[in-house]
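A.B. asks:
Number of protein chains: 2
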Amino acid sequence: MARSARQSKILEIISTYEVDTQEDLVLKLRELNFDVTQATVSRDIKELGLIKILSNETGKYKYAFADTNSQASNKYIFLLKEAVISLKTIKNFVIVRTLKGMASSICSIIDKFNLEDVMGCVNGDDTVMIIFSNNEESEYALNRLENIINS
Amino acid sequence: MARSARQSKILEIISTYEVDTQEDLVLKLRELNFDVTQATVSRDIKELGLIKILSNETGKYKYAFADTNSQASNKYIFLLKEAVISLKTIKNFVIVRTLKGMASSICSIIDKFNLEDVMGCVNGDDTVMIIFSNNEESEYALNRLENIINS
DNA sequence: AATATATATGCATAATTATACAAACAATCT
DNA sequence: AGATTGTTTGTATAATTATGCATATATATT
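As given, the protein sequences belong to chains A and B, one line each in that order.
Per the working numbering, residue 924 is the first one in the first sequence, and the count goes up by one each step.
Per the working numbering, residue 924 is the first one in the second sequence, and the count goes up by one each step.
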C-alpha cells in the first residue's frame, strides 16, 4: 500500500517547498510517481493534521505542520513505526535504517521532534544520520526514538 | 474604525466556540453587531494568521491560533496596543483597563502569551484581571506586558 | 476646503478544498 | 473458493475560501 509512503512524502515535500495548494502537491507527488488526485491529498492533509498558514517569508499561503495537533503527532509516530527498520548509535551519531526511499521523509519527521543538541540530520535513500554535539546525547536520543517507536 | 475591535472579537470567538466556517464566524459577529461579510472575515483571518485545524475533541475542523506565525503575534501585539488603556498591579493581580467591550478579547490574547504562574484570567466589559500565584509574579508580568505594549 | 492618496469593505465570482457516493481493492471468515 | 466486511481511492460536485474590481471611507497634502 502506497498510502503511508505517500503521506510521509507529503511531509517531506511541505518541509522542502512552499506548497500553497493541494493541486500543487498533486503535481509534485506525480513527479515522484505517486499517481494521486486532489481528493486523496485533501484526505491525507486532514489525517496528517496539516494546516495552511501565511508564510512569514513570502506572505503567501503554504501548508505546514500543525504542532498543536496531537492526532497529527500520532500519525507521525505511526509513519515512523512503518518505515523505520533499525536504529543504532555510533559515537555522536544515530543511524536510522528505513524502507527504501523513505529516508528523506523520516528525516523530516525526526526534525519535528526537536531532539536536544542535534547538530544536523542528513539522509540518503534508506538511511538517516542524525548528528549530535556529543556521544551522550546520541545515546539519549536513541533511547527516546526507541521509546517513541515502541510506544 | 471597527476593524481592530472586530479582529480581536474574532480571536475571542474562536477561543470560546468551535468555529468551523467563515460563514459561522460571520453569523456570530453579526449577533454582536459587527455587520460584516465573509470576504472581510477571510481577510481578517489571513491577517490574524489563524488556521483551520482538526479539533482533537470533536474531530471536525475549527479555526485556531497559529502559534508558529510571527506576523500573527505582531498582530496580537498591535491589538493590545490599540485596546489597552492602562496596566497596574495590586497584590497578586494585574488589572488591565481596556476600551469598552474589548476586555474579553484582550483576555483571550493575554492567555496566548502563557505568562508564568497565571492562576486565571477574568474580565468584565472594560477590565481584565489576571490572577497570579504570588505578588512577585504579578510584578514581573506587569513588566512583561508593559514591554510588549511599548515595543 | 478641495484634491490626492491610502485603507477597508462589499459584491460577484474564481479558486480551492471537502465530501457523498460508487467502484476497486484488500483482509477475514465460513 | 466464495461471501462478507472494511479500507482506500476516484469522480463529480457541493461547500468553502480567496480575491479582482468597484466603491466607500478615512488620512494626508496643498
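Note that the Cβ used here is the ideal one computed from N, Cα and C, for glycine as well.
Between the segment 1052 to 1061 of chain A and the segment 999 to 1006 of chain B, do at least 3 Cβ pairs fall closer than 8 Å?
C.D. replies: No, the segment 1052 to 1061 of chain A does not touch the segment 999 to 1006 of chain B.
A.B. asks: Where residue 987 of chain A and residue 941 of chain A are concerned, what is the direct C-alpha to C-alpha distance, given to the nearest angstrom?
C.D. replies: Position 64 of the first sequence, counting from 1, holds the residue named residue 987 of chain A. Position 18 of the first sequence, counting from 1, holds the residue named residue 941 of chain A. For residue 987 of chain A and residue 941 of chain A, the distance between alpha carbons rounds to 9 Å.
A.B. asks: Roughly how many angstroms lie between the CA atoms of residue 1010 of chain B and residue 936 of chain B, to the nearest whole one?
C.D. replies: Translated into positions along the second sequence, residue 1010 of chain B becomes position 87. Translated into positions along the second sequence, residue 936 of chain B becomes position 13. The alpha-carbon atoms of residue 1010 of chain B and residue 936 of chain B are separated by roughly 24 Å.
A.B. asks: Scan the segment 971 to 1044 of chain A and note each continuous beta strand (DSSP E) run of 3 residues or more that stays entirely inside, going in chain order.
C.D. replies: For the segment 971 to 1044 of chain A, whole beta strand (DSSP E) runs of length 3 or above, ordered along the chain, are 974 to 977, 984 to 987, 1007 to 1013 and 1016 to 1021.
A.B. asks: Decide if the segment 1018 to 1033 of chain A is in contact with the segment 1044 to 1059 of chain A; the criterion is three or more beta carbon pairs, one per stretch, under 8 Å apart.
C.D. replies: Counting Cβ pairs under 8 Å, three or more are found: they touch.
A.B. asks: Run through the DSSP bridge pairs and tell me what residue 963 of chain B is partnered with.
C.D. replies: Residue mapping note: residue 963 of chain B aligns to position 40 of the second sequence, counting from 1. Answer is none; residue 963 of chain B lacks a bridge partner.
A.B. asks: How about residue 974 of chain B and residue 989 of chain B: do their beta carbons lie closer than 7 Å?
C.D. replies: Here the question's residue 974 of chain B lines up with position 51 in the second sequence. Here the question's residue 989 of chain B lines up with position 66 in the second sequence. Yes.
A.B. asks: For residue 945 of chain B, which option in B:955, B:926, B:925 and B:967 has the closest C-alpha, if you only look at C-alpha atoms?
C.D. replies: Residue numbering aside, residue 945 of chain B sits at position 22 when the second sequence is read from its first letter. For the residues B:955, B:926, B:925 and B:967, the minimum Cα distance to residue 945 of chain B belongs to B:967.
A.B. asks: In chain A, what lies closer than 9 Å to residue 989 of chain B by C-beta?
C.D. replies: Mapped onto the second sequence, residue 989 of chain B falls at position 66. Neighbours of residue 989 of chain B on chain A, chain order: 974, 976, 977, 987, 989 and 991.
A.B. asks: What residue range is occupied by the uninterrupted alpha helix (DSSP H) comprising residue 942 of chain A?
C.D. replies: To locate residue 942 of chain A, count along the first sequence from 1; it is residue 19. Where residue 942 of chain A is concerned, there is no enclosing alpha helix (DSSP H), given that its DSSP letter is neither H nor E.
A.B. asks: Are the beta-carbon atoms belonging to residue 1065 of chain B and residue 1021 of chain B less than 7 Å from one another?
C.D. replies: In the second sequence, residue 1065 of chain B corresponds to position 142, counting from 1. In the second sequence, residue 1021 of chain B corresponds to position 98, counting from 1. Not in contact: residue 1065 of chain B and residue 1021 of chain B (Cβ atoms no closer than 7 Å).
A.B. asks: Out of A:1049, A:929 and A:1039, point me to the one whose CA is closest to residue 1019 of chain A's CA.
C.D. replies: As a first step, residue 1019 of chain A must be located in the first sequence, where it is residue number 96. With distances taken between Cα atoms, residue 1019 of chain A lies closest to A:1049.
A.B. asks: By alpha-carbon positions, which one of A:960, A:1053, A:978 and A:1015 ends up nearest to residue 1036 of chain A?
C.D. replies: Within the first sequence, residue 1036 of chain A is the residue found at index 113, counting from 1. Residue A:1053 is the option with its Cα nearest to residue 1036 of chain A.
A.B. asks: Take residue 1014 of chain B as the anchor and find which of B:1026, B:985 and B:1055 has the nearest alpha-carbon.
C.D. replies: As a position in the second sequence, residue 1014 of chain B is number 91, starting the count at 1. It is B:1055.
A.B. asks: Looking only at its chain, what residues have a beta carbon closer than 8 Å to the beta carbon of residue 933 of chain B, apart from the 5 residues adjacent to it on each side?
C.D. replies: In the second sequence, residue 933 of chain B corresponds to position 10, counting from 1. Cβ within range, chain order: 948, 952, 964, 967, 968, 971 and 973.
A.B. asks: Shortest alpha-carbon distance to residue 1070 of chain A belongs to which of A:1025, A:1039 and A:1000?
C.D. replies: Counting from 1 along the first sequence, the entry for residue 1070 of chain A is found at position 147. For residue 1070 of chain A, the nearest C-alpha among the options comes from A:1000.
A.B. asks: Determine the closest residue to residue 982 of chain A out of A:1068, A:943 and A:1038, with distance taken between C-alpha atoms.
C.D. replies: Position 59 of the first sequence holds residue 982 of chain A. Checked all of A:1068, A:943 and A:1038; the closest Cα to residue 982 of chain A is A:943.
A.B. asks: For residue 925 of chain B, is the classification buried or exposed, using 16 other Cβ atoms within 10 angstroms of its Cβ as the cut-off for buried?
C.D. replies: In the second sequence, the residue the question calls residue 925 of chain B occupies position 2. By the neighbour-count rule (16 or more Cβ atoms within 10 Å), residue 925 of chain B is not buried but exposed.
A.B. asks: Closest to residue 929 of chain B by C-alpha separation, out of B:1016, B:1051, B:1025 and B:984, would be which residue?
C.D. replies: On the second sequence, position 6 is the one that residue 929 of chain B refers to. Of B:1016, B:1051, B:1025 and B:984, the residue nearest in Cα terms is B:1025.
A.B. asks: Which of helix, strand or coil does DSSP assign to residue 1046 of chain B?
C.D. replies: Stepping through the second sequence from its first residue, residue 1046 of chain B is reached at position 123. Residue state, collapsed to three classes: strand.
A.B. asks: Of the choices A:1068, A:1027, A:1073 and A:979, whose alpha-carbon is the least far from that of residue 939 of chain A?
C.D. replies: For the purposes of this step, residue 939 of chain A is taken as the residue at position 16 of the first sequence. Ranking the options by Cα distance to residue 939 of chain A, first place goes to A:1027.
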